[in-house]
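*Asks:*
Residue numbers (our numbering): 3 to 397.
1. Distance, Cα to Cα, residue 125 vs residue 253?
2. In chain order, what residues of the same chain have a beta carbon less than 8 Å from the beta carbon of residue 282, not counting five sequence neighbours either side?
3. I need the boundaries of the alpha helix (DSSP H) containing residue 2, first residue and last residue.
4. How far does the alpha helix (DSSP H) with residue 209 in it reach, from first residue to last?
5. Give me the Cα-Cα distance between residue 329 and residue 300, rounded to the nearest whole angstrom.
6. Name the one or two DSSP bridge partners that residue 219 has.
7. Leaving aside the five residues before and after residue 7 along the sequence, list all residues of the same chain whose C-beta is less than 7 Å from its C-beta, in chain order.
8. How long is the line joining the alpha carbons of residue 22 and residue 95, rounded to whole angstroms?
9. Using a Cβ-Cβ cutoff of less than 7 Å, which residues in the same chain neighbour residue 309 once the five nearest sequence positions on both sides are dropped?
10. Quick one: which unbroken beta strand (DSSP E) runs of 3-plus residues sit fully inside the stretch 11-55? Chain order, please.
11. Does the stretch 343-352 come within contact of the stretch 222-235, defined as at least 3 CB pairs closer than 8 Å?
12. Would you decide whether residue 307 is buried or exposed? Buried here means 16 or more other CB atoms lie within 10 Å of its CB.
13. Would residue 295 pass as a contact of residue 285 if the rule is Cβ separation under 8 Å?
14. Report, in whole angstroms, the separation of the C-beta atoms of residue 61 and residue 185, which I expect to be a contact under 8 Å.
15. Please report how far the alpha carbon of residue 132 lies from the alpha carbon of residue 340, in whole angstroms.
16. Would you give the residue range spanned by the alpha helix (DSSP H) that residue 308 belongs to?
17. From 178, 174, 81, 193, pick the residue whose C-alpha is nearest to that of residue 57; which is it?
18. DSSP beta-bridge partners for residue 314?
19. Out of 196, 235, 322, point me to the one whose CA is closest to residue 297's CA.
20. Consider the C-beta atom of residue 244 and the heavy atoms of the ligand FAD; say whether any pair is separated by less than 7 Å.
21. Work out the CA separation of residue 219 and residue 246 for me, nearest whole Å.
22. For residue 153, which option in 267, 130, 183, 176 has the closest C-alpha, if you only look at C-alpha atoms?
23. So for residue 127, helix, strand or coil by DSSP?
24. With DSSP as the reference, please indicate the residues paired to residue 296 in a beta bridge.
25. Give a yes or no on whether the C-beta atoms belonging to residue 230 and residue 317 are separated by under 8 Å.
26. For residue 147, report the span of its alpha helix (DSSP H) as first-last.
27. Look up residue 6 in the DSSP assignment and say whether it is helix, strand or coil.
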């Protein structure tokens, strides 16, 4: 199939085309231009692309097209986190509405028996995390022998999270004759091994991320570990829009959220230790804007798909450049200019150049001279911003 300029050029079912129009899908992204024709042509695909490049539609459109033409068959999509799985499920649900196709979400934190009932009633596609899917396979509530279309999204993250054994178990239940699409932000050795085991003569696609400087203003601030909590409060005073703050650990996510809450900010937090219900509520409040600040770990943050994030704050720098690019890619979407703020301490100095690409020394913030001065500064800042919508109104 030849490359296409608009989604109306695609030879796909009419109900799917209508759904894409309704969802304002007009001009395809580079990953969609490259992957969709190959997948519609029945080819396996190995796609290297960052989050925010349009991967869900890149595999969702050929997935629905194929299963629509194959009654009795189904598709399986594996994702590393509940949030990402839910996001994919929501998109496919909208795309398939007029096609009278149905799917189910198979993730932890949700009713096991309800998932089993939905699958028993018959579904066209399953969106799952590896752990919960293996639970169903072990209990015999899911059979994968009818799966003809397989997608693994963010494979590198699944492997980082230790899902390699789970993926291998799942593969044993899949038919050998199938079409497989594999997407990853990076291509380390373990991902290559998985790809070689799963894909047959794949079309390899690599989409380089847009250089951050073209759409994201990056600010790097020198601080100390003990001064970070004051600095985050100070920075948030000057930000009006949605802000996503990344931390390294679950405990620090909770701690930063508590600090911001005590300072009157409307904040939610999300990490792997929270229940599925808690994560859903937090994400909903962040999306709708009632709580415009979210604190998250990398793993939980993988499923956050909010298009209007104004600022990303790296409260803790990540361990590798790929994660850094993934984080700041949450802002500056849809042609808008975003902003990323990096907190850098002496402990991070060795990796600052790798993560930010900056050769100049980060600008230095003056440190508070005493606790009373800290309190006075925060108090003045609180008064200046007491009328802002990001703050709670105290009774």
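Here a beta-carbon is modelled for each residue, glycine too, at the ideal position from N, C-alpha and C.
*Replies:* This is what the structure holds:
1. Going from the Cα of residue 125 to the Cα of residue 253 covers about 39 Å.
2. Apart from the 5 residues on each side of it in sequence, residue 282 sits with its Cβ closer than 8 Å to the Cβ of 88 in its chain, given in chain order.
3. Absent from the structure is residue 2, since the part of the chain shown begins at 3 and ends at 397.
4. First-last for residue 209: undefined, no H or E at that position.
5. For residue 329 and residue 300, the gap between their C-alpha atoms comes out near 8 Å.
6. Answer is 341, bridged to residue 219.
7. Hits under 7 Å: none found.
8. Their Cα atoms are separated by approximately 12 Å.
9. Contacts found: 335, 336.
10. Fully enclosed beta strand (DSSP E) runs of 3 or longer: 47-50.
11. With a cut-off of 8 Å, the stretch 222-235 and the stretch 343-352 count as touching, because enough Cβ pairs lie within range.
12. Residue 307 is buried by the Cβ-count criterion.
13. Not in contact: residue 295 and residue 285 (Cβ atoms no closer than 8 Å).
14. Contact between residue 61 and residue 185 holds: CB atoms are separated by about 7 Å, below the 8 Å threshold.
15. CA-to-CA, the gap between residue 132 and residue 340 works out to about 33 Å.
16. Premise fails: residue 308 is in no alpha helix (DSSP H) and is neither H nor E.
17. Selected option, being the one with the closest Cα: 81.
18. As DSSP reads the structure, residue 314 sits in a beta bridge with 246, 342.
19. Looking at the Cα atoms, 235 is the closest of the given residues.
20. For the ligand FAD, the structure offers nothing, since it holds no ligand at all.
21. Here the alpha carbon of residue 246 sits roughly 15 Å from the alpha carbon of residue 219.
22. Relative to residue 153, the option among 267, 130, 183, 176 whose CA is nearest is 183.
23. Residue state, collapsed to three classes: strand.
24. Answer is 246, 270.
25. A Cβ-Cβ contact shorter than 8 Å links residue 230 with residue 317.
26. Per DSSP, residue 147 belongs to no alpha helix (DSSP H) and is neither H nor E.
27. Three-state DSSP puts residue 6 in coil, outside helix and strand.
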